[in-house]
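These notes are about the structure you will find just below.
Numbering (this note's numbering), first residue to last: 119 to 373.
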């Protein structure tokens, strides 16, 4: 069997690669891809593998964007730190999803499910028992955050999400820029914050920025099919949306 790993975190990619090599000896890793753009290019130019492992959240956007730009015919096992994405995974040939950090037992369970489904001739790779479990899990999850708790001395101050124009990271420090121009330090990563925010209202523009829909002033066409997004507040740098993510951004901003 041939598989592809789509993962932008080096340590996670190495860990999963080693798990596959050590525990699934008949599986060959043909490529390790790090971004939406690189994955789209690879799948458009190469024969389909037997299986793909995909991290859901990549540096230049959601891995779901790959499916709108390239024909993915192989079954997919998603890896993620957040199970809120699980139901959407079923729209794109998912046979399972693994919560990080991926363990040997998790990997073997998913590969065994793949073998059973393919042996039974299940063309869509949809497992009703898995879907039922996901629905149950997702219904038990809380909704997206309406406020973020910001530490201030010995207190926690709620910051309403509706007041946030964008969130950015610079030199490993994460700050929220409010609509009134205030900048507030947040002790969380952009990945963690994006999982808390409603994707209808917030977009991961790139590795550095999460932006609010209502803070977008205008959009400029940039080089090589990229977009430059201008907000109603000042930002420390230009916000550029990659060519691979531009179509998703346009759909998002149009509602």
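Note that beta-carbon positions come from the ideal geometry of N, C-alpha and C, so glycine has one too.
In this text the structure is predicted, and so the values were computed from the model without any measurement.
{"Check": "Spatial neighbours of residue 176 in its chain, beta-carbon cut-off 6 Å, leaving aside the 5 residues before and after", "Outcome": "126, 153 and 154"}
{"Check": "Pick from 326, 335 and 284 that is closest to residue 320, judged by C-alpha positions", "Outcome": "284"}
{"Check": "Three-way DSSP call (helix, strand, coil) for residue 281 in this model", "Outcome": "helix"}
{"Check": "Spatial neighbours of residue 303 in its chain, beta-carbon cut-off 6 Å, leaving aside the 5 residues before and after", "Outcome": "293"}
{"Check": "Beta-carbon spacing of residue 297, residue 282 below 9 Å", "Outcome": "yes"}
{"Check": "Beta-carbon separation (whole angstroms), residue 327 vs residue 357, contact threshold 8 Å", "Outcome": "5 Å"}
{"Check": "Continuous beta strand (DSSP E) stretch holding residue 70: start and end", "Outcome": "For the chain, the structure presents residues 119 to 373; residue 70 sits outside this window and is missing."}
{"Check": "Distance, residue 348 Cα to residue 226 Cα", "Outcome": "46 Å"}
{"Check": "Neighbour-count burial assignment, residue 121, 16 or more Cβ in a 10 Å radius", "Outcome": "buried"}
{"Check": "Secondary structure of residue 366, DSSP reduced to three states", "Outcome": "helix"}
{"Check": "Reference residue 289, options 263, 308, 346 and 224, closest by Cα", "Outcome": "308"}
{"Check": "Candidates 214, 339, 353 and 147, of which the one nearest residue 300 by Cα", "Outcome": "353"}
{"Check": "N- and C-terminal bounds of the beta strand (DSSP E) containing residue 226", "Outcome": "That residue, residue 226, is in no beta strand (DSSP E); its alpha helix (DSSP H) goes 222-237."}
{"Check": "One or two residues paired with residue 321 in a DSSP bridge", "Outcome": "329"}
{"Check": "Assigned secondary structure, residue 297 (DSSP; H/G/I helix, E/B strand, else coil)", "Outcome": "coil"}
{"Check": "Proximal residues to residue 263 (C-beta, below 8 Å), its chain only, five neighbours per side dropped", "Outcome": "279, 314 and 315"}
{"Check": "Beta-carbon contacts of residue 214 that lie in its chain and below 6 Å, excluding the five residues immediately before and after", "Outcome": "195, 228 and 231"}
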